[in-house]
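Asks: Take a look at this one; I'll ask things after.
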Amino acid sequence: MEPNNNMDKGLTSRISNLLLIVFVVAIALLSAIKLLFPAEDYREQITQHLTEHTGQPIEIVGSLEWYLSPFPSIFSSTVAAPETGISLQNVSISFSLLDLIGLKLVPSQIEIEHITSNSDIKSVPLIQQVIIGFDSSEVRPNTFEFMLDSHASSLNKEHHQLSSSAPNLKIQGEVLYPDSGRYHIEGRLSNTGATKQNQLPIPQDTNLQLDITESDNPHTHLFDLNLSAGEFSLFTNGILKVTKQNVSIILDKLETPNMSLSGQSDWQRNNALVHTTLQSKHINVPAACFEKSRLSSSTQCYDLAMLMMLPGKNSLQANTLSAHKQSLKDINLDWAVADGEIIMQQAHAKAVGGTVNAEGRFTLATNAWSFDLQGENIMVEALLQAAGHKPQLHGTATINIQGSGQFKGLQLLHHKIDGKVDIANGKTSLFNLEKELCSQVKGVVVTDVTSTPFKRLNITIDEENFHLKIPYFSSELDGATINGQGEVTQDQTVDLVMNVKLDKEEWELCKLPRALTGIEWPLTCNKPVSTNGDCSINFKQMGLSALLLADDPDLKDKTKQQVQALKKSDKVKKVLSRFEKWLEE
């Protein structure tokens with residue numbers, strides 16, 4: 001047994017020595033290549049090779065260095081494309097060892113840590129962790145992958161270094177060459193990290209197909225793009241123009257389940273500005289975009305989110321837009337995405353019978369929002385219906401309101417909305433003032449009318465965290481004026497405290513005593529929000545019945561006694577002197 005053990009040990013030792021020799025030879029060979037073929041000697045060859053494949057001048061900034069592990073590669077800290085303003089940081093070009101031995105400088109793989117767009121103003125991060133594989137037989141790219149961050153990376157102005165959170169969107173695919181001058185790309189998108197709050201998840205079966213065709217003009221390319229993500233699909237085709245001054249994408253057609261667009265996007269290289277102009281005949285906003293239970297798992301709103309996240313300055317003109325059971329016409333939107341904010345510079349549309357103008361902004365990092373809205377000739381009942389409320393106000397309104405708040409995920413946190421609403425030639429179905437007045441005189445009044453018409457109604461609103469207050473309102477009616485304040489309580493009850501001043505005696509349902517006119521009477525109203533016409537005003541509790549009974553001569557003595565009792569009430573002290581004088585007549 002002992003000779004066999006010695007034999008095994010000897011075999012193991014020889015194998016180990018052989019591997020060590022191979023390793024040393026490989027290191028020596030690579031070191032020899034590094035010494036015999038300095039990386040700087042290949043600067044011109046690499047630059048020429050990259051220029052030919054990209055179709056534009058390429059510059060290698062700084063020195064070139066050889067790295068021998070894990071694969072032989074040439075490294076440069078920066079590679080730039082001056083005409084496009086694109087720079088590549090920490091670029092590594094790997095080669096096959098056999099190709100190097102055969103003195104063939106054919107890349108097998110290119111790795112890029114960051115790709116940025118540079119201008120005189122700022123540097124904009126584009127993508128990172130790029131890996132491009134090459135077809136060894138034809139020396140052209142055949143595979144790719146890169147990472148996108150869910151939040152835009154930023155450039156540290158003080159240290160001029162890129163910083164970003166961990167990327168979580170990976171794009172990879174293959175490049176095919178079906179014909180001369182044509183490129184066909186098959187790609188896949190996937191999440192590599194957890195989906196963040198208020199972020200739509202990327203479905204596992206997200207794929208893209210991109211066809212690029214060269215034209216007679218070397219700066220112009222035709223493209224067709226198909227993207228599918230679960231139930232969502234996108235198709236677009238157009239023209240890509242690349243010049244020294246700018247990059248332009250002309251969209252002949254962009255179709256998604258919710259809209260069809262055309263337009264143009266221009267990227268100015270000298271100042272890194274992007275301006276996109278779009279047109280659409282119709283845009284649809286699905287109900288799922290308003291439903292918290294469905295929004296987190298639905299792909300139906302992808303295209304709308306992508307539209308609002310377009311970088312730079314954007315303009316959209318649409319003939320119609322359907323949203324939340326409402327139709328908007330002649331829509332004009334101007335917005336910008338910059339510094340982590342979506343800024344709505346102008347929004348104009350014909351809606352709910354009138355015109356609406358708005359401004360606003362949304363901060364992506366904190367989910368904070370604010371807006372300023374004005375409306376002219378707005379149909380109040382249609383506006384309330386669109387907000388999910390049963391209309392109890394009708395008329396044509398001028399609106400001026402402001403608001404601010406914050407979301408957490410899909411939940412609305414602290415928010416505040418205030419402003420003014422002026423309504424003309426309308427009515428309220430909270431109560432029928434004439435019926436309430438005449439029922440005190442006649443006892444029983446028969447009418448099917450449950451509303452009170454008015455010439456104008458001015459309202460100030462103050463809504464905070466779903467608690468609506470009405471600090472002040474005033475209304476002018478035919479024969480009366482009403483002013484007061486109120487609120488909608490947490491249990492969805494309307495509470496109103498009012499003063500009514502009657503200007504006439506002759507009403508359609510009855511004739512009121514002259515004593516009721518020219519005086520402000522305090523009134524209260526309390527009713528559920530969801531009901532109409534049952535806001536009863538109890539006039540007797542405020543001493544009004546004494547005035548009404550005074551029309552009967554037989555009851556004057558009794559009324560005098562009631563007046564003496566009423567003198568103790570602060571609510572009627574304002575009218576007692578006139579009332580007592582009238583009784584003595």
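Numbering (UniProt numbering), first residue to last: 1 to 585. For glycine and all other residues, C-beta sits at the position ideal for the given N, C-alpha and C.
Report whether the distance from the Cβ of Asn142 to the nearest heavy atom of the ligand FMN is below 6 angstroms.
Replies: Judged by which ligands are present, the structure shown has none, so any question about the ligand FMN falls away.
Asks: Excluding five sequence neighbours on each side, which residues of the same chain lie with their C-beta closer than 6 angstroms to the C-beta of Asp422?
Replies: Thr398, Asn458
Asks: So, does the CB of Ile401 fall closer than 7 angstroms to a CB anywhere in chain C?
Replies: Here there is only one protein chain, and chain C is not present.
Asks: Between which residues of its own chain and Ile250 is the CB-CB distance below 6 angstroms, once the five residues before and five after are set aside?
Replies: Within the same chain, Ile250 has close Cβ partners Gly238, Ile239, Gln264.
Asks: Just to confirm, is the Cβ distance from Lys416 to Glu464 under 7 angstroms?
Replies: yes
Asks: Which same chain residues end up closer than 7 angstroms to His160 when comparing Cβ atoms and leaving out the 5 residues on each side of it in sequence?
Replies: Any reading at His160 must be qualified, since the residue scores a pLDDT of 31, below 50, and its modelled position is unreliable; the value itself is stated next. Correct list: empty, nothing qualifies.
Asks: Measuring straight from C-alpha to C-alpha, what distance separates Asn284 and Lys501?
Replies: 48 angstroms
Asks: Relative to the C-alpha of Asp334, which candidate in Gly173, Val352, Leu310 has its C-alpha closest?
Replies: Leu310
Asks: In the DSSP assignment, the beta strand (DSSP E) including Val285 goes from what residue to what residue?
Replies: 273-285
Asks: Count the other CB atoms, across all protein chains shown, that sit within 10 Å of the CB of Lys427; report buried if there are 16 or more and exposed otherwise.
Replies: buried
Asks: Between the segment 384-399 and the segment 361-372, do three or more beta carbon pairs fall short of 8 angstroms?
Replies: no
Asks: Taking the runs of the beta strand (DSSP E) that are 3 residues or longer, which of them lie wholly in the segment 455-520?
Replies: 467-477, 480-488, 493-502
Asks: Where does residue 603 land, buried or exposed, given buried means 16+ other C-beta within 10 angstroms?
Replies: The question about residue 603 has no answer here: the residues shown for the chain are numbered 1 through 585.
Asks: Which whole runs of the alpha helix (DSSP H) in the segment 42-74 are 4 residues long or more, in chain order?
Replies: 43-54
Asks: Per DSSP, which one or two residues make a beta bridge with Asn246?
Replies: Gln268
Asks: Just how far apart, CA to CA, sit Lys455 and Val380?
Replies: 14 angstroms
Asks: Taking only the alpha-carbon atoms, compute the straight-line gap between Pro167 and Gly353 and give it to the nearest angstrom.
Replies: For Pro167, the pLDDT reaches just 48, beneath the cut-off of 50, and the residue's location in the model is therefore unreliable, although a value from the coordinates is still provided. Going by the C-alpha atoms only, they are around 46 angstroms apart.
Asks: Quick check on this structure: which residue in Gln172, Ser429, Tyr42, Ala80 has the alpha carbon closest to the alpha carbon of Phe95?
Replies: Between Phe95 and the set Gln172, Ser429, Tyr42, Ala80, the nearest pair of CA atoms involves Tyr42.
Asks: Report, in whole angstroms, the separation of the C-beta atoms of Lys329 and Leu430, which I expect to be a contact under 8 angstroms.
Replies: Their Cβ separation, rounded to whole angstroms, is 32 angstroms, which puts Lys329 and Leu430 out of contact at 8 angstroms.
Asks: Among Thr450, Ser404, Ser137, which one has its Cα closest to the Cα of Gln392?
Replies: Thr450
Asks: Starting from the C-beta of Asn246, find all residues in its chain whose C-beta is less than 8 angstroms away, skip the five residues before and the five after it, and write them out in chain order.
Replies: Asp266, Trp267, Gln268, Arg269
Asks: Under a Cβ-count criterion, where at least 16 other Cβ atoms within 10 Å of its own Cβ denotes burial, should Lys244 be classed as buried or exposed?
Replies: Here Lys244 is exposed. Its C-beta has fewer than 16 other C-beta atoms within 10 Å.
Asks: Could you tell me which residues DSSP puts in a beta bridge with Ser77?
Replies: Answer by DSSP bridge pairing: none, since Ser77 is not bridged.
Asks: Relative to the alpha-carbon of Leu189, which residue among Leu148, Ile470, Glu214, Ala358 has its alpha-carbon at the smallest distance?
Replies: Leu148
Asks: Relative to the C-alpha of Thr524, which candidate in Gln385, Leu433, Gln561 has its C-alpha closest?
Replies: Leu433
Asks: Check the C-beta distance from Ser92 over to Ser73 and give it rounded, since I have them as a contact under 8 angstroms.
Replies: 5 angstroms
Asks: Express the C-alpha separation of Pro141 and Leu261 in angstroms, rounding to a whole number.
Replies: 32 angstroms
Asks: According to DSSP, is Asp216 part of a helix, a strand, or is it coil?
Replies: coil
Asks: Pull up the CB-CB distance for residue 586 and Glu59, whole angstroms please, since I reckon it's below 8 angstroms.
Replies: Nothing in the structure corresponds to residue 586, since the chain is present only between 1 and 585.
Asks: Taking 6 angstroms as the limit between beta carbons, can you name the residues of its chain near Ser474, skipping five residues before and five after?
Replies: Asn458, Asn483
Asks: Check the C-beta distance from Glu231 over to Gln300 and give it rounded, since I have them as a contact under 8 angstroms.
Replies: 7 angstroms
Asks: Could you compute how far the alpha carbon of Lys313 sits from the alpha carbon of Val494?
Replies: 44 angstroms
Asks: Indicate the three-state DSSP secondary structure (helix, strand or coil) for Asp339 in the structure shown.
Replies: coil
Asks: From this set, Thr320, Pro453, Leu477, which residue's C-alpha is nearest His282's C-alpha?
Replies: Thr320
Asks: Hey, how far is the Cα of Phe223 from the Cα of Ala349?
Replies: 33 angstroms
Asks: At the level of alpha carbons, what is the spacing between Thr143 and Val337?
Replies: 32 angstroms
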